[in-house]
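Okay, so the sequence shown: first residue is 437 according to the numbering used here, each after it adds one.
Single-structure report; data block below.
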Amino acid sequence: MKIALIPGDGIGPEIIKQALKVLEAVSHKYNVDFSFTELLMGGVAIDQTGVPLPEETVKACKESDAVLLGAVGGEKWDSLPGHLRPEAGLLGIRKALGVFANLRPAILFPQLKEASTLKEEVLGDGLNIMVVRELTGGLYFGEKKRQGQGSDLKAWDTMEYSLWEIERIARVAFDLAKNRQGKLMSVDKANVLESSRLWREVISKVALEYPEVALSHMYVDNAAMQLIRNPRQFDVIVTENMFGDILSDEASMLTGSLGMLPSASLGTENPGLYEAIHGSAPDIAGQDKANPIATIMSTAMMLRYSGDLEEAAQDIENAVSRVLDKGYRTGDIMQSGMTEVGTEKMGDLIAGEIK
Ligand code: IPM
Ligand code: MG
Numbered sequence: 437m438k439i440a441l442i443p444g445d446g447i448g449p450e451i452i453k454q455a456l457k458v459l460e461a462v463s464h465k466y467n468v469d470f471s472f473t474e475l476l477m478g479g480v481a482i483d484q485t486g487v488p489l490p491e492e493t494v495k496a497c498k499e500s501d502a503v504l505l506g507a508v509g510g511e512k513w514d515s516l517p518g519h520l521r522p523e524a525g526l527l528g529i530r531k532a533l534g535v536f537a538n539l540r541p542a543i544l545f546p547q548l549k550e551a552s553t554l555k556e557e558v559l560g561d562g563l564n565i566m567v568v569r570e571l572t573g574g575l576y577f578g579e580k581k582r583q584g585q586g587s588d589l590k591a592w593d594t595m596e597y598s599l600w601e602i603e604r605i606a607r608v609a610f611d612l613a614k615n616r617q618g619k620l621m622s623v624d625k626a627n628v629l630e631s632s633r634l635w636r637e638v639i640s641k642v643a644l645e646y647p648e649v650a651l652s653h654m655y656v657d658n659a660a661m662q663l664i665r666n667p668r669q670f671d672v673i674v675t676e677n678m679f680g681d682i683l684s685d686e687a688s689m690l691t692g693s694l695g696m697l698p699s700a701s702l703g704t705e706n707p708g709l710y711e712a713i714h715g716s717a718p719d720i721a722g723q724d725k726a727n728p729i730a731t732i733m734s735t736a737m738m739l740r741y742s743g744d745l746e747e748a749a750q751d752i753e754n755a756v757s758r759v760l761d762k763g764y765r766t767g768d769i770m771q772s773g774m775t776e777v778g779t780e781k782m783g784d785l786i787a788g789e790i791k
């Protein structure tokens with residue numbers, strides 16, 4: 437399996453290093469060969485090449501079987517114009533690979549119930565929500581501009597969706613829901629936004645092809661509230677790019693920490709892109725404090741969706757669970773009576789469970 441590696445900025449390189457330990461263990465156990473090409477993107481690419489997403493990176497990603505990404509961004513590059521920021525590299529690679537379907541599973545390990553900010557009775561005996569975020573359209577990619585001067589200076593971003601874009605993300609979400617509890621919640625703001633009214637119409641039309649899935653709709657403000665009030669009502673959530681960005685961060689806290697949530701971004705023509713949903717956390721970079729679990733779980737998703745290695749994927753997920761069983765925690769999920777470990781040690785422990 438040919439893997440394009442993009443460590444990126446901040447904690448990116450440290451967490452990617454832990455994912456590599458896990459892949460090495462998988463390679464031995466399952467006798468699969470992984471080859472890696474390390475590529476520049478984000479702030480480090482700006483420093484070395486002047487742009488956040490060099491052409492060469494795009495090309496090498498397209499020629500690989502999967503792309504594994506750390507994180508990008510940092511204060512150092514915050515004052516650059518929008519198209520030259522590290523984040524523009526991330527949006528650029530998502531667009532270039534056409535990975536429109538971003539799967540963000542929010543799964544609560546029972547061992548981490550106490551690490552969640554929600555009461556135990558709200559979490560019940562587990563939580564398993566799949567957030568399907570549309571990733572290459574909507575507010576992130578519509579026209580954006582500044583115009584005018586002085587106090588007349590104005591800026592705008594545009595939220596736009598074409599029917600085909602909504603249809604294809606709807607199918608991904610319905611297909612997932614069909615193989616889970618059969619419940620799909622589409623989240624929009626159809627009481628205010630025209631793009632949401634089209635979203636709702638199209639999702640409802642696609643629903644006719646999936647009689648086995650129960651579809652409901654919810655406004656995004658209500659969904660944000662319901663996720664905290666009663667998260668167990670959700671199975672699969674499908675929503676536009678920006679709403680999905682916000683709701684998936686919220687959902688991650690249900691699982692104990694932002695450091696726990698992996699993601700897979702899939703399209704039809706190019707390799708999938710795998711990354712934790714968290715950012716580059718410059719404040720803790722280089723201090724052996726970052727939780728590598730989200731990236732390790734993203735690596736499991738990579739083996740599942742791009743490598744057809746379901747057994748190895750489950751093996752990684754079980755390894756994470758066993759390490760938590762043994763009481764090891766990074767700082768973000770630390771509870772009393774547990775053993776606090778750093779990034780490196782957490783990576784070693786998880787890889788060790790696979791051998
Ligand atoms: C995410 C991140 C990115 C996004 C940022 C870093 C551009 O928050 O993957 O959720 O907004 O998509
Ligand atoms: Mg986000």
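Glycine residues also receive a C-beta, built at the ideal position from the N, C-alpha and C atoms.
This structure is a prediction, so every number in the text was calculated from the model and none was measured.
Alpha helix (DSSP H) runs contained entirely in the region 485-512, provided each spans 4 or more residues: 491-498
For Gly-763 and Thr-493, the rounded distance between their alpha carbons: 39 Å
Whole-angstrom distance between Glu-579 and Lys-590, CA atom to CA atom: 14 Å
Helix, strand or coil at Met-654 [DSSP, three-state]: strand
Per-residue burial, Ser-631 [other beta carbons within 10 Å of its own, 16 or more giving buried]: buried
Contacts around Gln-669, its chain only, beta-carbon distance under 6 Å, and the 5 residues preceding and following it disregarded: none
Among Pro-517, Val-462, Leu-526 and Leu-544, nearest to Gly-692 - alpha-carbon criterion: Leu-544
Residues that DSSP places opposite Ala-471 in a beta bridge: A small correction: the amino acid at residue 471 is Ser; Ala does not occupy that position in the sequence shown. Answer is Lys-438, bridged to Ser-471.
Straight-line Cα distance separating Leu-533 from Ala-748: 25 Å
Bridge partners - Thr-675, DSSP secondary structure assignment: Arg-569 and Val-623
Alpha-carbon to alpha-carbon, Gly-584 and Leu-769: Checking the sequence shown, residue 769 turns out to be Ile, not Leu. Those two C-alpha atoms are separated by around 48 Å.
Selection from Thr-572, Ile-713, Glu-705 and Pro-667 that minimises the alpha carbon distance to Asp-685: Ile-713
Assigned secondary structure, Pro-541 (DSSP; H/G/I helix, E/B strand, else coil): strand
Contact under 9 Å by Cβ, Gln-484 with Leu-476: yes
Beta-carbon proximity check, Asn-677 vs Tyr-576, cutoff 9 Å: yes
Asp-744 (DSSP reduced to helix, strand or coil): coil
Cβ contact check for the region 497-508 and the region 462-469: 3 or more pairs under 8 Å: no
Alpha carbon of Gly-486 to alpha carbon of Leu-629, nearest angstrom: 38 Å
Of the residues Leu-690, Gly-778, Tyr-655 and Asp-514, the one placed nearest Arg-665, counting alpha carbons only: Leu-690
Bounding residues of the alpha helix (DSSP H) (the contiguous stretch that carries Leu-533): 522-533
Those residues which DSSP pairs with Tyr-764 across a bridge: Thr-775
Span of the beta strand (DSSP E), counted from its first residue to its last, around Lys-580: 580-583
Contacting residues, own chain, Cβ-Cβ under 7 Å from Arg-607 (five flanking each side not counted): Val-642
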